[in-house]
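Right, one structure below, let's go through it.
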Ligand SMILES: C[S@@+](CC[C@H](N)C(=O)[O-])C[C@H]1O[C@@H](n2cnc3c(N)ncnc32)[C@H](O)[C@@H]1O
């Protein structure tokens, strides 16, 4: 399948800190996942540049649920101002202060399940695979959920993917590794659904 070109411009890229924002490889993969799997519900932690892809997808696919959780508040404000400037509806982009080292997830409806998780935060966490984080993912995933985790060169981030892979009963072959070509130590991982 030929994908339409990425709509992200250098001006958009320059609003976010290199190394914090999604790598080019990750942006292309998110774009591919959206077009290939057509998720109806998306949960993003640590929004930013990547969010532009989700908002555009949501506009093209009315009815798509897209919720994001962000922290800390000064960066949330920068993010919201940028998304409003681009014309997106930010009503489900939530500021989520940390509670026991993970986001306050109270804005996420308790009974919601997500087709796609795009995970990149929280910035001040010591353990992004903490008990509260894993409990949250398990409560809101389903048998076909896709997990995308940035910064899997770190142990905790890789554990999110390996633990969810085991929890969902998938094999290691379901895990795809993306290498950041700008910061060579940096990787992201995708836990794909079973075909
Ligand atoms: C981990 S980054 C990833 C963002 C997103 N996935 C992307 O592709 O840009 C998200 C966090 O970066 C931090 N951040 C660093 N530089 C920022 C900036 N210039 N604008 C907004 N947030 C920034 C904020 O704390 C925010 O929650």
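Residue numbers (my numbering): -5 to 189.
Backbone N, C-alpha and C fix where the C-beta goes; we use that ideal spot for every residue, glycine too.
Nothing here was measured: the structure is a model prediction, and the numbers come from that model.
Quiz item: What is the DSSP secondary structure of residue 190, counted as helix, strand or coil?
Solution: Given a span of -5 to 189 for the chain in the structure shown, any question on residue 190 remains unanswerable.
Quiz item: What residue does the alpha helix (DSSP H) around residue 173 start on, and which one ends it?
Solution: Judged by DSSP secondary structure, residue 173 falls outside any alpha helix (DSSP H) and instead within the beta strand (DSSP E) spanning 169 to 173.
Quiz item: Any idea what DSSP makes of residue 156, helix, strand or coil?
Solution: Three-state result, residue 156: helix.
Practice problem: Pull up the CB-CB distance for residue 39 and residue 116, whole angstroms please, since I reckon it's below 8 Å. | Solution: Residue 39 to residue 116, Cβ: 7 Å. Contact.
Quiz item: Within the present structure, is the beta-carbon of residue 157 separated from the nearest heavy atom of ligand 1 by less than 6 Å?
Solution: No.
Quiz item: Which residue's Cα is closest to the Cα of residue 11: -2, 20, 43?
Solution: Measuring from the Cα of residue 11, the nearest candidate turns out to be 43.
Quiz item: Just the Cα atoms here: how many angstroms apart are residue 133 and residue 61?
Solution: Residue 133 and residue 61 have their alpha carbons spaced roughly 15 Å apart.
Quiz item: What is the rounded straight-line gap between the Cα of residue 155 and the Cα of residue 83?
Solution: The straight-line gap separating the alpha-carbon atoms of residue 155 and residue 83 is approximately 30 Å.
Quiz item: What whole-angstrom Cβ distance do residue 174 and residue 19 have, given they're in contact under 8 Å?
Solution: Distance from residue 174 to residue 19 at the Cβ level is roughly 6 Å; contact confirmed, criterion being Cβ atoms closer than 8 Å.
Exercise. For residue 130, collect the residues of the same chain with a Cβ closer than 6 Å to its Cβ; drop the 5 residues on either side in sequence, then sort them by chain order.
Key: Shown here for residue 130: same chain residues with a beta carbon closer than 6 Å to its own, the five before and five after excluded, namely 99 in chain order.
Self-check item: Span of the alpha helix (DSSP H) around residue 72
Solution: The continuous alpha helix (DSSP H) containing residue 72 extends over residues 67 to 79.
Self-check item: Span separating the alpha-carbon of residue 182 from that of residue 144
Solution: A straight-line Cα-Cα distance of about 4 Å links residue 182 and residue 144.
Quiz item: According to the Cβ coordinates, are residue 33 and residue 94 closer than 7 Å?
Solution: Against a cut-off of 7 Å, the Cβ pair of residue 94 and residue 33 comes out as no contact.
Quiz item: Counting along the chain, where does the alpha helix (DSSP H) carrying residue 136 start and finish?
Solution: Careful: residue 136 lies outside any alpha helix (DSSP H) and carries neither H nor E.
Quiz prompt | Residue range of the alpha helix (DSSP H) that includes residue 89 | solution = Note, residue 89: premise wrong, no alpha helix (DSSP H); beta strand (DSSP E) at 87 to 89.
Quiz item: Nearest-angstrom Cα distance between residue 194 and residue 63?
Solution: Any answer about residue 194 is impossible in this case: the structure gives the chain only from -5 up to 189.
Practice problem: Determine the direct distance from the alpha carbon of residue 0 to that of residue 25, and round the result to whole angstroms. | Solution: Taking the CA atoms as reference points, residue 25 sits about 7 Å from residue 0.
Quiz item: How is the beta strand (DSSP E) around residue 60 delimited, first residue to last?
Solution: Where residue 60 is concerned, the enclosing beta strand (DSSP E) stretches over 59 to 64.
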